[in-house]
Amino acid sequence: MIQLLVDYTQLLLRLTGRRSCPTCGRLYNIHFQPPLVDELCDVDKSKLVIRNDDREEVISGRLTAYETQTRLVADYYRAQRRLVAINADRPMEDVTAQIFGVIDSHCQAGR
Ligand SMILES: [Zn+2]
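So in this note's numbering, the last spot in the sequence shown is 142, and the numbers never skip.
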């Protein structure tokens, strides 16, 4: 099991800052990857929207669900030494490369 670790504040900014274009589906984040013009898609100038599951009240529910459900699964795999934790507060390419590295090393170990 691979666990992606993120700072709680960063996580909230990522989730609450997310905006999407209803026309082309492109994703933005008002904190980390804002559009050139406030609230408008760079490609087609549509007004960006907040997805329903990115609203703050939904997010707190998702974080509670993490605490009550996902954490138990992570603890189980950690106890079995089958959990690899990755720092996900880094650029997406770095995180992706690390995930592939973990998968590769496990595939080789199984051969
Ligand atoms: Zn668009």
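C-beta atoms are modelled at their ideal positions from N, C-alpha and C, and glycine is treated no differently.
It should be emphasised that the depicted structure is a prediction, and the values quoted were computed from it without experimental measurement.
Identity of the residue in V133, C52, Y59 and N60 nearest K78 by Cα: Residue 78 sits at position 47 when you count from the first residue of the sequence shown. Ranking the options by Cα distance to K78, first place goes to C52.
Ranges of the beta strand (DSSP E) found wholly within the region 38 to 99, counting only runs of at least 3: 49 to 51 and 58 to 60
Range covered by the alpha helix (DSSP H) that runs through L36: Taking the sequence shown and counting its residues from 1, the one referred to as residue 36 is at position 5. That residue, L36, is in no alpha helix (DSSP H); its beta strand (DSSP E) goes I33 to L36.
Validate contact between the region 123 to 139 and the region 39 to 48 using beta carbons, cut 8 angstroms, 3 pairs: no
Nonlocal neighbours in the same chain, by C-beta distance under 6 angstroms from L35, ignoring five residues either side: Residue mapping note: residue 35 aligns to position 4 of the sequence shown, counting from 1. Around L35: I117 and A119.
Residue interval of the beta strand (DSSP E) (run including A119): As a working mapping, residue 119 is identified with position 88 in the sequence shown. Counting along the chain, A119 falls outside any beta strand (DSSP E), and DSSP gives it neither H nor E.
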